[in-house]
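Notes to accompany the following structure.
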Amino acid sequence: MGALDVLERWERAGFLDDRVSRREFLKFCGRMAVLLGLSETMIPRIAEAVENTIKARRPSVIWLEFQDCAGNTESFTRANSPSVGQAVLEAISLDYHETLMAAAGFQAEQAKEEALKENSGKVIVVVEGSIPAKDNGVYCTIGGKTALQILQEIEPHALAFVAVGTCAAFGGLPKANPNPTGAVSVEDVIKQKPVINVPGCPANPDVLMGILVHYLVFGRLPDLDNQKRPLFAYGKRIHDTCERRPHFDAGQFVLSFDDYGARQGYCLYKVGCKGPETYNICAAWRWNLGASWPVKAGHPCLGCSERDFWDRFTPFYSRIPLMSGFGVEKRADDVGKVAVGLTGIGIVAHAIYTGLVRKAERKAEELAEPSEPDSQES
Ligand code: SF4
């Protein structure tokens, strides 16, 4: 079955309405293919997988919020293609989400219990926020249960846990010294089921969407690194994909936020950029349809997606202390004198992604274009 058939059936079923055009949806599938490192020939398969998921039993997703600011929920609901994001959300059964659901109190808790009972063993549990473990977890209770109890009760029913945002993935701000609530991460509590970490403050919404689409297309989670982060998004350092990298290599640094170097877009390393120690897709994929990201806007990377970044990387506006094994960055005062093979990599990283996305979008537009009657007969 081709993507067109899929989309026609979607339209007949009222799934694609005025919020999501055929073209918009296929372009979204194209962007997801690029994000996941797949060929553009996968675009129809991605569209089909989402459609099949709607036809069949939609996977049950329970989204829990503990010690958090709801920043990841905010980020996800403002994804690059919010209307398409909404459509993908409709491909799952979001059975519980404190910020988004209409139900409250007893009704809401009952909905969660029913979803767990009906889908036991198959529930995807998204967790936002850290879990306070001190004093039996009394610092975060919902419906009379501690966050710790809620997670432990849900674990037997879960297929996998997605720890979204740095607080859930690594403990984040609540875990920062002196950690008054004894905050821990999801993987500190969940021992029997797979945990996938999607750190960031907030996490990039497209990455979360990519994990969901990967699961719908392949029926499994994407490959992870040794910190349980999806490799397609966390496989490279920000420093190696940053457009300011040639200035680092040339020894051109911003020394204060209003100096000549700042106006010229020089490297932010000496005003505290943590890009050399941070693995994330921000520089290459960017935010808001590739429009920008903090370093492009003139602010150093704070390393928000790294473990214990509040303790390790503060004060934020001071340069990273020199440390052993820190590679070329150890020579930040000498760069420009040494030949660095990576020069230019940063500047092209986003361009490569942009080029691939444009190509995938053109392919999507071809797929979305209705065929001419006589061009079919030959
Ligand atoms: S130190 Fe920061 S601003 Fe400079 S090249 Fe690396 S990531 Fe970019």
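Under our numbering, the first residue of the sequence shown is numbered 135, with each subsequent residue one higher. Glycine included, each C-beta is placed from N, C-alpha and C at the ideal position.
Endpoints, the beta strand (DSSP E) within which residue i is located
i	result
residue 329	329 to 332
residue 257	257 to 262
residue 167	Note, residue 167: premise wrong, no beta strand (DSSP E); alpha helix (DSSP H) at 156 to 169.
residue 296	292 to 298
Whether residue i touches residue j by CB criterion (8 Å)
i	j	result
residue 374	residue 299	no
residue 157	residue 377	no
residue 541	residue 407	An answer regarding residue 541 cannot be provided, because it is not within the stretch 135 to 512 covered by the chain.
residue 200	residue 278	no
residue 359	residue 349	no
residue 230	residue 242	yes
residue 363	residue 333	yes
residue 347	residue 295	no
residue 249	residue 194	yes
residue 351	residue 415	no
residue 164	residue 497	yes
residue 304	residue 445	no
residue 339	residue 162	no
residue 256	residue 293	yes
residue 371	residue 344	no
residue 276	residue 265	no
residue 325	residue 317	no
residue 272	residue 320	no
residue 403	residue 453	yes
residue 417	residue 429	yes
residue 335	residue 205	yes
residue 297	residue 282	no
Buried or exposed (CB count within 10 angstroms, at least 16 for buried), residue i
i	result
residue 337	buried
residue 439	buried
residue 365	exposed
residue 394	exposed
residue 198	buried
residue 390	exposed
residue 331	buried
residue 478	Confidence at residue 478 is low in this model, with a pLDDT of 49, below 50, so its placement is unreliable and the value that follows should be read with caution. Classification for residue 478: exposed.
residue 383	buried
residue 494	buried
residue 425	exposed
residue 437	buried
residue 160	buried
residue 234	exposed
residue 489	exposed
residue 354	exposed
residue 491	buried
residue 240	exposed
residue 501	buried
residue 405	buried
residue 175	exposed
residue 168	buried
residue 459	In this prediction, residue 459 scores a pLDDT of 44, lower than 50, which makes its location untrustworthy; no coordinate-derived value is stated.
residue 290	exposed
residue 423	exposed
residue 253	buried
residue 227	buried
residue 411	buried
Where the alpha helix (DSSP H) through residue i begins and ends
i	result
residue 229	Counting along the chain, residue 229 falls outside any alpha helix (DSSP H), though it belongs to the beta strand (DSSP E) covering 227 to 231.
residue 419	416 to 419
residue 196	Segment 194 to 199 is the beta strand (DSSP E) holding residue 196; no alpha helix (DSSP H) there.
residue 425	Residue 425 -> no alpha helix (DSSP H), and no H or E assigned at all.
residue 206	205 to 211
residue 288	281 to 288
residue 446	443 to 446
residue 409	Premise fails: residue 409 is in no alpha helix (DSSP H) and is neither H nor E.
residue 246	239 to 252
residue 322	320 to 323
residue 308	306 to 309
Cβ-heavy atom distance, residue i to the ligand ZN, below 7 Å
i	result
residue 372	Absent from the structure shown: the ligand ZN. Ligands present: the ligand SF4.
Task: Completely contained alpha helix (DSSP H) runs for the segment 344 to 407, where each covers 4 or more residues - done: 365 to 368, 379 to 383, 394 to 398
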